[in-house]
Amino acid sequence: MKLRALVARIRRQFIAGVLLALASVAPALAAPKPGDIAPDFAGRTYEGQSISVAAYTGKVVVLSFWASWCGPCRKELPILESIQQVAGKERVQVVAINIEDRNTFRKIARKLTSFNLLLATDTSGHAQRAYGVNGIPHMVIISKSGQIMRVHQGYAEEALDDIVKDLNQAVAE
Numbered sequence: 001m002k003l004r005a006l007v008a009r010i011r012r013q014f015i016a017g018v019l020l021a022l023a024s025v026a027p028a029l030a031a032p033k034p035g036d037i038a039p040d041f042a043g044r045t046y047e048g049q050s051i052s053v054a055a056y057t058g059k060v061v062v063l064s065f066w067a068s069w070c071g072p073c074r075k076e077l078p079i080l081e082s083i084q085q086v087a088g089k090e091r092v093q094v095v096a097i098n099i100e101d102r103n104t105f106r107k108i109a110r111k112l113t114s115f116n117l118l119l120a121t122d123t124s125g126h127a128q129r130a131y132g133v134n135g136i137p138h139m140v141i142i143s144k145s146g147q148i149m150r151v152h153q154g155y156a157e158e159a160l161d162d163i164v165k166d167l168n169q170a171v172a173e
């Protein structure tokens, strides 16, 4: 009888410990929302350098998670490039974060060398988890002070007017 009681007590403590651990991890897994400070890591460059959102304080930062197999994402890249060109690097930094494997990213990046936006990769999934990316395209607009202004998830062309409005508002602030 004493052995059963001990096993039951250990089982309860184990379950309580697991629940406590899950409760402490849950907030970290929650996707950031408008008003939150943006997570700092935004992928890696072609050369493997870490991209820090904080390095662009004073500029609006547009993060767009994408993949080559995503039709809307492929249509979005030239639009993001236009945003970068029109807004200028002194006011806006667009970071297009590819979520595919490193070899695929390197092939794509070599074809897009004329782009002014910053091409990045997130093969580790660290930035995707930090930003709560569950599908693509996934865009995050970050204010000049580093706060998330707007998150657009799984959008299509119909959302472009809203995105442009959000970007204009971010640049004007």
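Heads up, the sequence shown is in this note's numbering, so the first residue is 1 and it goes up one at a time. From the three backbone atoms N, C-alpha and C, an ideal C-beta is built for every residue, glycine too. All values reported here derive from a predicted model rather than from experimental measurement.
Residue-level contact to chain D via CB, residue i, 8 angstroms cutoff
i, result
"A42", "You won't find chain D in this structure, because it holds only one protein chain."
Status (buried if at least 16 other CB within 10 Å, exposed otherwise) for residue i
i, result
"E158", "exposed"
"G71", "exposed"
"D161", "exposed"
"K59", "buried"
"P137", "buried"
"V164", "exposed"
"D166", "buried"
"V86", "exposed"
"A55", "exposed"
"Q147", "exposed"
For residue i, the nearest candidate out of the options (CA to CA)
i, options, result
"I142", "C73, Q169, R74", "Q169"
"G135", "K144, T121, E47, I99", "I99"
"E90", "A31, K144, L112", "K144"
"A115", "E47, A96, L63", "Looking at the sequence shown, residue 115 is not Ala but Phe. Taking only the C-alpha atoms, the option nearest F115 is A96."
"M149", "R74, H126, V62, T45", "V62"
"P39", "V171, S52, Y46", "S52"
"G43", "A127, G132, V133, H138", "A127"
"G48", "T121, K33, E76", "T121"
"Y155", "V94, I37, A30, S64", "S64"
"I108", "S50, S68, K33, V140", "S68"
Secondary structure of residue i, DSSP reduced to three states
i, result
"T104", "helix"
"A172", "helix"
"S79", "Reading the sequence as shown, one finds Ile at residue 79 and not Ser. DSSP places I79 in helix when its eight states are reduced to three."
"I37", "strand"
"L167", "helix"
Beta-ladder partner(s) of residue i, from DSSP
i, result
"M149", "Its beta-bridge partners do not exist; DSSP assigns none."
"L118", "V95"
"R74", "DSSP output for R74 lists no bridge partner at all."
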